[in-house]
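Written out below as structure tokens is the structure these notes cover.
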Amino acid sequence: MGAAEEILAGHELAAHELATHELAHELASHELAHELASHELPDAKPVGGLLPRLGAVDAGLEAAVRELPAAILLELPRPVCLGLHVPGVPGVIRVGADPSAADEGELTLAPDEWAALVAGAEADRVWPAHLRAALAQKRAEPATRLDREWALAGAQPDPAERWTAGQVLERVGATLLSIDL
């Protein structure tokens with residue numbers, strides 16, 4: 440084999456390795472979504488000049504997170520933090536974040552507050568106006584917590600009702616800005 444043929448073969452091998460690496464990366468992304476979904480679960484846009492702290496949301500990851508059952512989203516083996524925008528509420532709402540890690544002006548919802556929000560949405564008790572009012576109160580009084588009593592307002596939740604994260608976000612009028620794994 441001549442030098443030119445060796446170089447050509449080397450370039451073909453490098454191109455093949457690159458394609459294999461890209462395919463492996465794509466498969467890993469799909470496997471992550473599939474793995475998350477197998478637990479019987481299932482581009483960030485600036486809002487009002489507000490840019491998410493973590494950058495653009497990968498469309499595949501966003502789709503996978505939206506299909507997960509909302510009730511277990513924050514119970515996954517790998518911690519998840521969502522950055523949300525709720526119309527009428529200034530700043531970013533961090534779901535699953537440590538309150539001490541929040542930037543100035545951000546509100547945080549702990550996992551138990553997310554669980555309450557999910558229960559309320561599934562029981563048809565929490566709507567965008569309810570969430571806006573609760574977040575306004577939380578901003579005014581940081582010790583305020585969203586709990587099941589607030590979320591259910593006396594309703595008895597149907598244990599068979601299992602909404603996806605996407606359904607809950609849609610019900611409460613929230614836009615997903617970022618996902619931190």
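Per this note's numbering, the very first residue in the sequence shown carries number 440; after that it's consecutive. Note that the Cβ used here is the ideal one computed from N, Cα and C, for glycine as well. Every value quoted in this text rests on a predicted model; they were computed, and no experiment measured them.
Listed in chain order, the non-local C-beta contacts of V565 below 8 Å within the same chain comprise L556, G559, A590, R610 and V611, local neighbours out to five positions each way being set aside.
The closest CA to that of V531, considering only R578, V607, A568 and A502, is found on R578.
In summary, E543 is exposed, with fewer than 16 beta-carbon neighbours lying within 10 Å of its beta-carbon over all protein chains present.
If you draw a straight line from the Cα of A604 to the Cα of V525, it is about 15 Å long. Beyond the five residues adjoining it in sequence on each side, L548 comes within less than 6 Å, by CB distance, of V534 in the same chain, given in chain order.
If you compare the alpha carbons of L585, V528 and P567 with that of A575, the shortest gap goes to V528. R533 carries a strand assignment under DSSP once its states are collapsed to helix, strand and coil.
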